[in-house]
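Worksheet: the structure to be examined is printed underneath.
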Amino acid sequence: MESMNKGLVNEGMLVDVLSTPYGLDNEDLESLNTWQNVDGIENYRAKYFKYYGYGNFTFSPKLIIETFKIVKTYDILVCNGIMNFPLIFSALIALLRGTPYVFIPHGTLYKETFELKSKLIKKIFYLLIVKRLLLKSSAVQFTTLDEKEKVCSYLKINPNYFIVPNSIDETKFVNLPQRGSFFRDYPTLQNKRLIAFFGRITAKKGLDILIDAFYKLSNEFPDIHLVIAGPDDENYSIKVNEWIDKYDLSKRITLTGMLIGENKYSILVDSEIFVLSSYSENFGMSVIEAMLCGIPVVISNGVGIYREVINNGAGIVTDISADATYSGIKELLQSEEKRNKYISKSQIFVKEYYDQKFVSQELIKQYNIILNERQ
Numbered sequence: 004m005e006s007m008n009k010g011l012v013n014e015g016m017l018v019d020v021l022s023t024p025y026g027l028d029n030e031d032l033e034s035l036n037t038w039q040n041v042d043g044i045e046n047y048r049a050k051y052f053k054y055y056g057y058g059n060f061t062f063s064p065k066l067i068i069e070t071f072k073i074v075k076t077y078d079i080l081v082c083n084g085i086m087n088f089p090l091i092f093s094a095l096i097a098l099l100r101g102t103p104y105v106f107i108p109h110g111t112l113y114k115e116t117f118e119l120k121s122k123l124i125k126k127i128f129y130l131l132i133v134k135r136l137l138l139k140s141s142a143v144q145f146t147t148l149d150e151k152e153k154v155c156s157y158l159k160i161n162p163n164y165f166i167v168p169n170s171i172d173e174t175k176f177v178n179l180p181q182r183g184s185f186f187r188d189y190p191t192l193q194n195k196r197l198i199a200f201f202g203r204i205t206a207k208k209g210l211d212i213l214i215d216a217f218y219k220l221s222n223e224f225p226d227i228h229l230v231i232a233g234p235d236d237e238n239y240s241i242k243v244n245e246w247i248d249k250y251d252l253s254k255r256i257t258l259t260g261m262l263i264g265e266n267k268y269s270i271l272v273d274s275e276i277f278v279l280s281s282y283s284e285n286f287g288m289s290v291i292e293a294m295l296c297g298i299p300v301v302i303s304n305g306v307g308i309y310r311e312v313i314n315n316g317a318g319i320v321t322d323i324s325a326d327a328t329y330s331g332i333k334e335l336l337q338s339e340e341k342r343n344k345y346i347s348k349s350q351i352f353v354k355e356y357y358d359q360k361f362v363s364q365e366l367i368k369q370y371n372i373i374l375n376e377r378q
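Everything in the sequence shown is counted per the working numbering, starting at 4 for the first residue and increasing by one.
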C-alpha cells in the first residue's frame, strides 16, 4: 500500500494512516500514539497504536477511539484489508458517523483463503459482521477482474465495486543491484542457471507444484538451481523441506529466508526465470517486481493478473499443475529468444498498467465518483 499512498500524495491528496505495529519492526517507530511523517513526506502521516492478540485477531482500543474521534474530518476511509478486527471496527464507525468507506480485500475473501486456516471462525465472522459491512460500503476495490469474479461468485454477493490494480514505484528499480551480487553472497551457486521463487513461504503459493516441476526439470538440465526466497509463514518451510528431501534435491534447491535491502532484488537480477505457481493470488506483486528486474515470468492461472499477462504477451501462463509448470519453465530454459521477447513485452506491460501516477489518477476518479454520489 505504500506505493498507492505515495502516489495519492503526489497527486495532491493528504493521506493519514491509522494502524497497529503488527508485522513491523517496533524499533522503527519513534513512539506510539503520535503522528509521524512517513519517509519525511509532507501530507503523508502514520499513527500506530498498541494492540492485543495476533494476526487477524488483534484488537486495539486506542485505535478504535482515535478512529471515532477523527473519521468525520476525512473525505473517505480506506480499509486496507477486511478480515481484521481493527478494520471492521473502523468501517463500522465510518458507517455510523456517515463517512464513506472502501474495502480493499487483498485476497482475503477468496475461497482458498477462507479454507486455508481458521475456516469456521472466518465464516462465522463473515456471516455475522463482514458481509453486512461489505454490502453497505461505498465500494470494494478489487485489484483484478479475476479477484472480483471469484470473490463475488464464491460469496454470492454483488457489492458496489471498482477495479483498480496495485501500483508500483518504478524509481526503486532504476538502480538495481549489479549482476553477480547474489552469486557473491552464495558463491556455491556460481555458474548455475537460477530459477527464482520470491514471496512468502505459505501453502497457497503452490511450492509443492514448483518443487515437483523442478524435480522433473533437474533431470534434464543439470545446471539449473531453484532459489526460494521469502519469509516463512507459520513454519511452512518444514513442509517445503520435506518435499525437497523426498526428491533428494537438497543440493539443487536453496532457501534463503527473507531478503532485505539490496539482496531483495539481487536474487531477481541474477535469476534466469521467475516462477509463481500459486493456487490463489489476488494480484501477484512479486511478478511485477520480477518483470522490472528484467527476467521472464512463468505464473499459474491462479495469479490474479494472469489474464492481463496473457493479453499483453508479458509472460507464460500455465494451469495449476506440476506438468504445466514444468512445460512453461522448460520452454524458457530452451530458448533465449523467447526469454528476451517476454522481458521486452513485460516491461512495456508494467509501465502501461501499473505506473504509480496512472493508478493514482484512476483511484482519485473512483473516489470522486463516490463523493459526488453522496452530495
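Beta carbons: idealized from backbone N, C-alpha and C, even for Gly.
The criterion of a C-beta distance shorter than 9 Å is not satisfied by F176 and N266. In the DSSP annotation of this structure, D19 is not part of any alpha helix (DSSP H); the continuous beta strand (DSSP E) holding it starts and ends at 18-22. Here the alpha carbons of P168 and Y356 stand approximately 8 Å from one another. Separation of S281 and L366 (C-alpha to C-alpha, rounded to the nearest whole angstrom) is 27 Å.
Ranked by how close their Cα comes to the Cα of Q144, the residues F201, N285, K9 have N285 in first place.
Taken through DSSP and simplified to helix, strand or coil, S303 comes out as strand.
Collapsing the DSSP output to three states places N266 in a helix. Where A142 is concerned, there is no enclosing alpha helix (DSSP H), although the beta strand (DSSP E) around it starts and stops at 142-145. Following the DSSP letters along the chain, one finds F165 in no alpha helix (DSSP H) but inside the beta strand (DSSP E) bounded by residues 164-166. DSSP, reduced to helix, strand and coil, places Y370 within a helical segment of the structure shown.
Bounds of the alpha helix (DSSP H) holding F92 are 88-100. Between the alpha carbons of Y129 and E334 lies a distance of about 43 Å. Distances from the CA of I276 to each of K368, M288, M294, S283 were compared; the closest alpha carbon is that of M294. For A49, the uninterrupted beta strand (DSSP E) run begins and ends at 47-51, by DSSP. DSSP lists no bridge partner for H109. Sixteen is the threshold: since fewer than 16 other Cβ atoms of the shown chains lie within 10 Å of the Cβ of N178, the residue is exposed.
I212: member of the alpha helix (DSSP H) spanning 210-221, first to last residue. Per DSSP, the continuous alpha helix (DSSP H) segment holding L136 begins and ends at 134-139. By alpha-carbon distance to P103, the top candidate from L80, M261, K344 is L80. Here the alpha carbons of N46 and I372 stand approximately 23 Å from one another. Following the DSSP letters along the chain, one finds V290 in no beta strand (DSSP E) but inside the alpha helix (DSSP H) bounded by residues 288-295. Using a C-beta cut-off of 8 Å, the stretch 302-310 makes contact with the stretch 320-334, since at least three inter-stretch Cβ pairs fall below that distance. One alpha carbon belongs to V312, the other to E339, and they sit about 19 Å apart. If the five residues before and after G287 are omitted, its C-beta is found closer than 7 Å to the C-beta atoms of L279, I302, V306, G307, I308, all from its own chain and listed in chain order. About 11 Å separates the CB atoms of T70 and I91; that is not less than 8 Å, and the two are not in contact.
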